[in-house]
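Taking my numbering, the leading residue of the sequence shown gets 85, the next gets one more, and so forth.
Using N, Cα and C, we set each Cβ at its ideal position, and we do this for glycine too.
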Amino acid sequence: MQIESLGLSGLFISAFISSTIAPGGSEALLAYLASQQTASTLELVSIATLGNTLGALTTWGLGIWASKKYPAEIMLSNQRQKSLQMVRAWGSWALLFSWLPIVGDGLCFAGGWLRLSLVSSLVAISLGKCLRYIAVAYAFV
85 MQIESLGLSG LFISAFISST IAPGGSEALL AYLASQQTAS TLELVSIATL
135 GNTLGALTTW GLGIWASKKY PAEIMLSNQR QKSLQMVRAW GSWALLFSWL
185 PIVGDGLCFA GGWLRLSLVS SLVAISLGKC LRYIAVAYAF V
């Protein structure tokens, strides 16, 4: 039971860190835990999704903060400028792709920068991340 809770805590932390600008390996940990059946697949996917979504919302919040201090043209790299343009065009729907490596962080940052609705951003981010984790978990069960 104690090993199980450490795995779930580790999964949450890994998922949170993976969704910020720091690198992480939450998919690999989820795949391992799913293959070991240390907890139900629903529980694993839920915890990974929650951690990853909270990490993405942290990046989204940093976008809000940065928009108050710095203009986009000066501060943002070319990659983030592209993310900003994509989010301008698609709105919160663009955040469905926040699970993508490298690009996803930029999308969340851009969503905050553009001050997209918290609710619509939360729905899009969590839906995209949940679908990704479902695919990973069921591939290894």
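Rounded Cβ spacing between residue i and residue j (contact assumed at less than 8 Å)
i    : j    : result
C192 : T143 : 4 Å
S98  : G91  : Incorrect: roughly 10 Å between the Cβ atoms, too far for contact.
Own chain partners of residue i with C-beta closer than 6 Å, once the 5 adjacent residues on each side are dropped
i    : result
L126 : none
S102 : G108 and S110
V129 : Y217, I218 and A221
L113 : L95 and S98
Alpha carbon of residue i to alpha carbon of residue j, nearest angstrom
i    : j    : result
Q206 : P185 : Correcting the residue identity first, residue 206 is Leu in this sequence and not Gln. Looking at the two C-alpha atoms, the distance is approximately 18 Å.
I209 : K153 : 25 Å
Q169 : I218 : 29 Å
W149 : G139 : 15 Å
L211 : V220 : 14 Å
L222 : S124 : For the sequence presented, residue 222 should be read as Tyr rather than Leu. If you take the alpha carbons of Y222 and S124, they lie about 11 Å apart.
L200 : L180 : 13 Å
A194 : T104 : 13 Å
DSSP state of residue i mapped onto helix, strand, coil
i    : result
A123 : coil
R292 : Shown here, the chain extends from 85 to 225; a query on residue 292 therefore has no answer.
I209 : helix
T104 : coil
W183 : coil
Contacting residues, own chain, Cβ-Cβ under 8 Å from residue i (five flanking each side not counted)
i    : result
V203 : none
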